[in-house]
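K.L.:
The structure's right below; bear with me while I get my questions together.
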Amino acid sequence: MKDDVVKAVSSALAVGLLWWLVARVRAKLDRRKVYNWLRANTRDEPQESHVTTETLAKGTGLSEDRARCACMSDPRIHYLPGQEKCWSFWRKEPQSLYEKRGLLTL
Numbered sequence: 056m057k058d059d060v061v062k063a064v065s066s067a068l069a070v071g072l073l074w075w076l077v078a079r080v081r082a083k084l085d086r087r088k089v090y091n092w093l094r095a096n097t098r099d100e101p102q103e104s105h106v107t108t109e110t111l112a113k114g115t116g117l118s119e120d121r122a123r124c125a126c127m128s129d130p131r132i133h134y135l136p137g138q139e140k141c142w143s144f145w146r147k148e149p150q151s152l153y154e155k156r157g158l159l160t161l
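Count the sequence shown with the working numbering and you get residues 56 to 161, in order.
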């Protein structure tokens, strides 16, 4: 009887550990996929540095929830507050139109 309990507990621990390990690896792969997609499909230009979660999910083939979780857990990816769920790895705030070209004088 005692051996059955030990086997059941050890089996439950093994399954739990395996499930935790698979979740960690999956999250790491999702973060890598999102980061690489952002690097390849955005530029540090005005109106081109941030993308929405929906665009990111479609581009990477992940669900919106998985893409959002990957963005939130990767410190290299920045969230743009005030906008509709926009993400970037270039900068926290979008680049100003005047930053690149300077002020025009009349």
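Glycine included, C-beta positions come from ideal geometry on N, C-alpha and C.
How many angstroms separate the CA atom of R79 from the CA atom of T108?
P.N.:
Cα-Cα distance, rounded: 21 Å.
K.L.:
Among A67, I132, L84 and A82, which has the Cα closest to the Cα of L93?
P.N.:
Nearest C-alpha to L93: I132.
K.L.:
How far does the alpha helix (DSSP H) with S104 in it reach, from first residue to last?
P.N.:
Premise fails: S104 is in no alpha helix (DSSP H) and is neither H nor E.
K.L.:
For Y134, which residues does DSSP report across the bridge?
P.N.:
Y134 pairs with W142.
K.L.:
Looking at L111 and A95, is the spacing between their C-beta atoms short of 9 Å?
P.N.:
Not a contact, by the Cβ cut-off of 9 Å.
K.L.:
Tell me whether the beta-carbon of C126 lies closer than 9 Å to the beta-carbon of V89.
P.N.:
Yes. Within cutoff.
K.L.:
In the DSSP assignment, the alpha helix (DSSP H) including S128 goes from what residue to what residue?
P.N.:
E119 to S128 is the extent of the alpha helix (DSSP H) around S128.
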